[in-house]
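For the sequence shown, the numbering used here gives the first residue as 1, with consecutive numbering after it. One structure is given below, encoded as structure tokens.
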Amino acid sequence: MSLNSQHLKETLIKFGLCRDETLGPFYPRVRDREDIAVLRDSHSGVILLSSTNHIDTEHYEEMREGEYWQSYSRSEGALKYNKDDVR
């Protein structure tokens, strides 16, 4: 199942977690995709992607713990990629 960014944005607005008028650019792109920007709500601080249609949840459901970070465990992966996460 792929995720729909418009539905996510509408849901966040519906529950008052962000506002259309306070949602704006935070970073022009993500690490792996130049066509996807990072958005941030200046009122609540909520961060989301400009598009999530490329994300397939089945890809992550099939992964073993730590595999996302090419590590044996989540904690090892978190240490390995901490610098990138802080960015």
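Heads up, the beta-carbon is just placed ideally off N, CA and C, and yes, glycines get one too.
For residue i and residue j, what's the separation of their Cα atoms in angstroms?
| i | j | result |
| --- | --- | --- |
| residue 41 | residue 55 | 21 Å |
| residue 76 | residue 20 | 38 Å |
| residue 6 | residue 18 | 13 Å |
| residue 30 | residue 11 | 22 Å |
| residue 25 | residue 46 | 12 Å |
| residue 44 | residue 32 | 26 Å |
| residue 23 | residue 34 | 20 Å |
With a threshold of 8 Å on Cβ separation, who are the neighbours of residue i within its own chain once the five nearest residues in sequence on each side are excluded?
| i | result |
| --- | --- |
| residue 2 | Because residue 2 carries a pLDDT of 47, less than 50, the predicted location of this residue cannot be relied on, and the following value inherits that uncertainty. These residues qualify, in order along the chain: 52, 53, 54, 55, 56 and 57. |
| residue 50 | 5, 36, 37, 38 and 39 |
Assuming residue i contacts residue j (C-beta within less than 8 Å), just tell me the rounded distance between them.
| i | j | result |
| --- | --- | --- |
| residue 48 | residue 9 | 7 Å |
Cutting at 7 Å between CB atoms, please list the residues of its own chain near residue i, excluding the five before and the five after it.
| i | result |
| --- | --- |
| residue 28 | 37 |
With a floor of 3 residues, list each beta strand (DSSP E) that falls wholly inside the stretch 26-65, ordered by position along the chain. 38-41 and 47-49
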